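By the UniProt record's numbering, the letter at position 213 of the sequence shown is numbered 213, and the numbering carries on one by one without gaps. Every residue, glycine too, gets a C-beta built ideally from N, C-alpha and C. Since the model is a prediction, treat every value here as computed from it, not as a measurement. As structure tokens, the structure follows; a few thoughts come after it.
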Amino acid sequence: MTGDRLIEVTHPDDPRIAEFRNIRERDLTGRENRFIAEGTVVLRLLAEAHAAGGDFVAEKVLLLRNRVAGLEEIIAAFPPDVPVFVAEASVLDGIVGFHLHRGVLALGRRKAETDIDAFLDRLPERALILTGCGVSNHDNVGSMFRNAAAFEADAVLLDETCCDPLYRKALRVSVGSVLTVPYCRQLSDVDLLTALAGRGFSIWSLSPHGEVDIRVVPPADRMALVVGTEGEGLPQKILSAFGSLRIPQAPGLDSLNVATASGIALFALASLIKRV
């Protein structure tokens, strides 16, 4: 029964839940591939990933006591060796450093990241890839993963200057899609795109001033959509070296944000892949 595995926490300084303390100030990402998962949907996806033996495992769970009744099925999906801690609201708020109204947290760990060459070699013959260059905003990275999941992209590739998608906010904005869409975060922007080109990908960089209207992009077996940071966008060296496309929009507007633009473009390119 679920109740048999619950471990009561009565003080914020309990050393067993030290990783959850003051999570706004000390995000765990980058520390031995550990991260904080927040919310019911993300907790469920973490449990599924752990059970499937994929890239992610759970190390411990921390819940608001009054949330337990609605989470019994998810709790049961975690292996018995994953401890599940529970606390009252005042204790939980003292642990995390603010009022956590969701009351659902887990400490997860990503297994060692696959080498980029091995990662690319595993991609299917027909594939759609979303690639980010210099995207440092957590919300935008999370949205990119959510869009990739929605339009069935085969992977997300990030250059080494992008923020880690396992940051708590990026993971939350992605609604857990960071745990379900294969991804790799390595190399410089040019090296990453060169590696994709060498594996037969048609590379399309997205820009308000792109040369090709997205509605007339030719189909291909393998396609990579490249997006950059808001404001500056993609560097000219990328736009010049690879094909560039634009989403037609009303005159006078600067550009769409990364979340909206990548969603529209992925929808369009996904349709082309399916027609090949």
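Same chain only: Cβ atoms within 7 Å of residue i, ignoring 5 sequence neighbours per side
i	result
P119	What sits at residue 119 in the sequence shown is Phe, not Pro. Excluding positions up to five away in sequence, the list reads C184.
F98	R24
Counterpart residues of residue i in DSSP-defined beta bridges
i	result
D213	R246
R24	Beta-bridge pairing links R24 to no other residue.
Y183	V156
A58	G108
T40	DSSP, once it has assigned bridges, lists no residue as partnering T40.
S202	M223
E8	V86
Close Cβ partners of residue i (< 6 Å) along its chain, the five nearest in sequence each way excluded
i	result
A127	D154 and R222
A47	I74, A77 and F78
R65	V86 and E88
V212	L245
Closer than 8 Å to chain B by CB, residue i
i	result
N22	Included in the structure is just one protein chain, with no chain B present.
Straight-line Cα distance separating residue j from residue i
i	j	result
I214	F151	16 Å
G239	G200	The sequence shown places Leu at residue 239, rather than the Gly named in the question. Cα to Cα, L239 sits roughly 18 Å from G200.
V226	G210	12 Å
L105	L196	36 Å
E8	R67	14 Å
L192	N257	23 Å
A52	L6	23 Å
F242	G231	20 Å
G94	P12	5 Å
C133	C162	6 Å
Whole-Å CB distance - residue i paired with residue j, under 8 Å assumed
i	j	result
N33	R109	5 Å
I203	L107	The pair is not a contact, with the Cβ atoms about 37 Å apart (cut-off 8 Å).
A148	V175	Not a contact, Cβ separation roughly 12 Å.
Spatial neighbours of residue i in its chain, beta-carbon cut-off 8 Å, leaving aside the 5 residues before and after
i	result
R275	Only weak support exists for where R275 lies, its pLDDT of 40 falling under 50; the value from the coordinates is given anyway. Hits under 8 Å: P219.
The stretch 54-63 in contact with the stretch 127-138 per 3-pair CB rule at 8 Å: no
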